[in-house]
Amino acid sequence: MAMEYSEKVMEHFAHPHNVGVIEDADGVGEVGNAKCGDIMRMYLKIGEGEVIEDVKFQTFGCASAIATSSIATDMIKGQPLNEALKLTNKAVVEALDGLPAVKIHCSVLAEQAVKAAVADYYKRKGLPYDHPCDACGEEGCCGHSHGQEEE
Amino acid sequence: MFVYADNAATTAMSRAAADAMLPAMGELYGNPSSLHQKGREANYALMGAREAVAKCLHAEPREIYFTGCGTEADNWAITEAARLGALAGKKHIISDAIEHHAVLHTLKKLEKQGFSVTYLPVHENGLVRLEELEAALRPDTCLVTVMFANNEIGTLQPIREIGALCRERGVLFHTDAVQAVGHVPVDVEADNIDMLSLSGHKFHAPKGVGALYCKKSIRLENFIEGGAQERGKRGGTEAIPAILAMAAALQESCAHMEENMAHISAMRDKLIAGLSRIPNARCNGDPDHRAPGIVSFCFEGIEGESLLLRLDLAGICASSGSACTSGSLDPSHVLLALGLPHEIAHGSLRLSLSEYNTMEEVDYILQQVPEVVRTLRQMSPVWLHMLEKMEDPYKE
Ligand SMILES: Cc1ncc(COP(=O)(O)O)c(C=O)c1O
Ligand code: FES
Ligand SMILES: [Zn+2]
């Protein structure tokens, strides 16, 4: 059975925003998807007041993984870190006008990649990363979807 | 430009098929089982179709049973051969690792019912080895089922030799020839085939019609109870429009087999040569034993669904065995059986051609695929990691 992607997904997939590498990034996070073996890498440039000045991503994965990376970077760009950390895969899915049920897990990758990049930034700064996952209380990226569960 | 290069998934209906179908959607509406003139008219048409299909396979008309699809023919043949085997106290079946799910899932069901199944490995070229088949044969082997042409990588198995070995050992031989019939010569007599499955929509007939060839000496049991159709073995009023269209399509394919094969394999070879020039690419399957129209590649560092959808945006319809394209999120069992690691199977692309494709279309594919692969690699962290260990093949 063929899956349908929303127009928004196809738009971000065909013309993803913020693709690339930040050579002098302040934080880099790379996460993998245990389900299908896909990989996402996120680069952060942090400015005054812990604001995300720039963000870039690289993704090895399906159209849904590329689209969620693209929109997630849009959503956190210009945001202070504590706001960016509130990003959930549910918000990403909603911003894309939904994802097919079998593709919800791809959006988890985007949430995890943001958290991993921020955690890396804190580590480099020697600061404690005290942003446990809202859903389960785990430190850093926890590897499950929040809010919107897979079927 | 628009290019349909997914003919192993399904084909466009031919003019001949549609022309054969139209009367059956109009005046030829009788039920072949009716005794009156409308019934007789439909019955003659049905007999003609059966004869035509039989002739293309070098079989007898009474050895052809029309089915709803290739999957049904596979289910029927395998469960029947197993039932006959069990009657004789034989409950061992031999198959291979790269069969279609229609065969594999049927075998899994039989395993649950107490049959034991040996799945022959296919090695890196995707071919079954005769000596391994010979070694796997047991006194209680009742069936060997090996596909004629693989739907993902196009390998053509040594069917005639497998059939000869089975004859010698008195074991039934079934072949899923869904990707072969209408594309390469198939002769059930010369190829030593006892049972064969085919499907119309792979050779320009409509979807939803197939056939099972079963050698007349085999005492085939009824598959669907309730009617005298198909010699009482598959009840249900026949899908006359689809059956007539399938017979017409097959006749046309067989009449033009040689020229089609020459045209299609020339396009295939050009595709393979062109795609092989992409860095870190590999062609899957066997270079010599290959269906005319099926090309399978893996491109390292990228994922197949993205590749597929980018090509779709460029007007090219193809398919992939990547984990992300399968509902189960497992990469294709065929690519894994070749020994390819998950991450390489991930970047797979299948292009499958028919006689309706042109060299101009092949040129267009050869212009688009390298570009899309390169674009996706540029955004791939996996490719980035690979570049740490090798010279950038794209560096000028
Ligand atoms: C090798 C093989 N066997 C069986 C089938 C199933 O045929 P059908 O779609 O007619 O059920 C296909 C096609 O999907 C196939 O490629
Ligand atoms: S990342 Fe593999 S299915 Fe989406
Ligand atoms: Zn959590």
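As they're listed, the protein sequences go chains A and B.
Last residue of the first sequence: 151 in my numbering, with the numbers rising by one and none dropped.
Last residue of the second sequence: 396 in my numbering, with the numbers rising by one and none dropped.
Yeah, the Cβ is synthetic: ideal placement off N, Cα and C, and Gly gets one too.
Quick check on residue i: buried or exposed, where buried means 16 or more other Cβ atoms within 10 Å of its Cβ?
i         : result
ASN82(A)  : exposed
ALA12(B)  : exposed
GLN367(B) : exposed
HIS12(A)  : buried
MET195(B) : buried
MET147(B) : buried
VAL3(B)   : buried
ALA101(A) : exposed
ALA262(B) : exposed
ASP24(A)  : exposed
GLU388(B) : exposed
GLY32(A)  : buried
HIS105(A) : buried
MET42(A)  : buried
TYR418(B) : An answer regarding residue 418(B) cannot be provided, because it is not within the stretch 1 to 396 covered by chain B.
MET246(B) : buried
GLU408(B) : Residue 408(B) falls outside the range modelled here, since chain B spans only 1 to 396, and no answer is possible.
THR358(B) : exposed
GLU63(B)  : buried
ALA190(B) : exposed
ALA72(A)  : buried
GLY182(B) : buried
LYS125(A) : exposed
TYR5(A)   : buried
In the DSSP assignment, the alpha helix (DSSP H) including residue i goes from what residue to what residue?
i         : result
VAL114(A) : 104-125
MET261(B) : 257-275
GLU83(A)  : 81-84
SER95(B)  : That residue, SER95(B), is in no alpha helix (DSSP H); its beta strand (DSSP E) goes 92-96.
ALA411(B) : Residue 411(B) cannot be examined here, being either before or after the span of chain B that is shown, 1 to 396.
VAL369(B) : 359-378
SER69(A)  : 63-76
ALA16(B)  : 15-24
SER54(A)  : The residue you asked about is not Ser; residue 54(A) is Asp in the sequence shown. No alpha helix (DSSP H) contains ASP54(A), which is instead part of the beta strand (DSSP E) from 51-60.
CYS166(B) : 159-169
GLU343(B) : 342-345
GLY32(A)  : Not the alpha helix (DSSP H): GLY32(A) falls in the beta strand (DSSP E), residues 27-32.
GLY85(B)  : 70-87
MET3(A)   : MET3(A) -> no alpha helix (DSSP H), and no H or E assigned at all.
VAL397(B) : Residue 397(B) lies beyond the range of chain B shown here (1 to 396); nothing can be said about it.
VAL92(A)  : 89-95
Would you grab the beta carbon distance between residue i and residue j for me? Rounded to a whole angstrom, and I think it's under 8 angstroms.
i         : j         : result
ALA248(B) : ALA59(B)  : Contact doesn't hold; Cβ gap of about 18 angstroms is too wide.
ALA52(B)  : GLN251(B) : 5 angstroms
ALA65(A)  : ASP38(A)  : 5 angstroms
SER402(B) : SER348(B) : What the structure shows of chain B is the stretch from 1 to 396, and residue 402(B) is not part of that stretch, so it cannot be assessed.
ILE224(B) : SER354(B) : Not a contact, Cβ separation roughly 32 angstroms.
VAL117(B) : ALA97(B)  : That belief does not hold up - the Cβ atoms of VAL117(B) and ALA97(B) are roughly 11 angstroms apart, past 8 angstroms.
ALA77(B)  : HIS174(B) : 5 angstroms
CYS317(B) : ALA5(B)   : 6 angstroms
SER199(B) : GLY70(B)  : 3 angstroms
PHE60(A)  : VAL382(B) : 4 angstroms
ALA24(B)  : PRO241(B) : 4 angstroms
ALA9(B)   : SER319(B) : 6 angstroms
ILE344(B) : CYS298(B) : 5 angstroms
VAL19(A)  : LEU99(A)  : Actually they do not touch by this definition, with Cβ atoms about 20 angstroms apart.
SER296(B) : GLY304(B) : Actually they are not in contact, since the Cβ atoms of SER296(B) and GLY304(B) sit about 11 angstroms apart, beyond 8 angstroms.
GLY301(B) : SER197(B) : Not quite, the Cβ-Cβ distance comes to about 38 angstroms (not below 8 angstroms), so this is no contact.
What residue does the beta strand (DSSP E) around residue i start on, and which one ends it?
i         : result
HIS174(B) : 172-176
CYS67(B)  : Rather than Cys, the amino acid found at residue 67(B) in this sequence is Thr. Here the beta strand (DSSP E) through THR67(B) covers 64-67.
GLN37(B)  : That residue, GLN37(B), is in no beta strand (DSSP E); its alpha helix (DSSP H) goes 37-57.
MET42(A)  : 39-47
ALA306(B) : The question names Ala, but residue 306(B) in the sequence shown is Ser. Premise fails: SER306(B) lies in the alpha helix (DSSP H), 304-313, not in any beta strand (DSSP E).
ILE294(B) : 294-299
VAL334(B) : From DSSP, VAL334(B) is part of no beta strand (DSSP E) but of the alpha helix (DSSP H) over 333-337.
MET195(B) : 195-199
THR145(B) : 141-145
LEU349(B) : 348-352
LEU329(B) : Unbroken run through LEU329(B): none, as it is neither H nor E.
Worksheet item: For ligand 2, which residues have a Cβ under 5 angstroms from at least one heavy atom, in chain order?
Response: CYS36(A), ASP38(A), GLY61(A), CYS62(A), SER64(A), ALA65(A), CYS106(A), CYS324(B)
Worksheet item: Does the region 192-210 of chain B come close enough to the region 373-385 of chain B to have 3 or more Cβ pairs within less than 8 angstroms?
Response: Contact fails: fewer than three Cβ-Cβ distances are below 8 angstroms.
Worksheet item: Between the region 95-112 of chain B and the region 323-342 of chain B, are three or more C-beta pairs nearer than 8 angstroms?
Response: yes
Discussion item. Under 8 angstroms, with one C-beta from each stretch per pair, do the region 104-112 of chain A and the region 83-93 of chain A reach the 3-pair mark?
Written reply: yes
Discussion item. Could you check whether the region 153-161 of chain B touches the region 283-294 of chain B, counting it as contact only if at least three pairs of C-beta atoms, one from each stretch, sit closer than 8 angstroms?
Written reply: yes
Worksheet item: Three or more C-beta pairs closer than 8 angstroms, one from the region 119-128 of chain A and one from the region 14-32 of chain A: is that the case here?
Response: yes
Discussion item. When you compare the region 165-174 of chain B with the region 34-54 of chain B, are there three or more beta-carbon pairs, one atom per stretch, that lie closer than 8 angstroms?
Written reply: Using a C-beta cut-off of 8 angstroms, the region 165-174 of chain B makes no contact with the region 34-54 of chain B, since fewer than three inter-stretch Cβ pairs fall below that distance.
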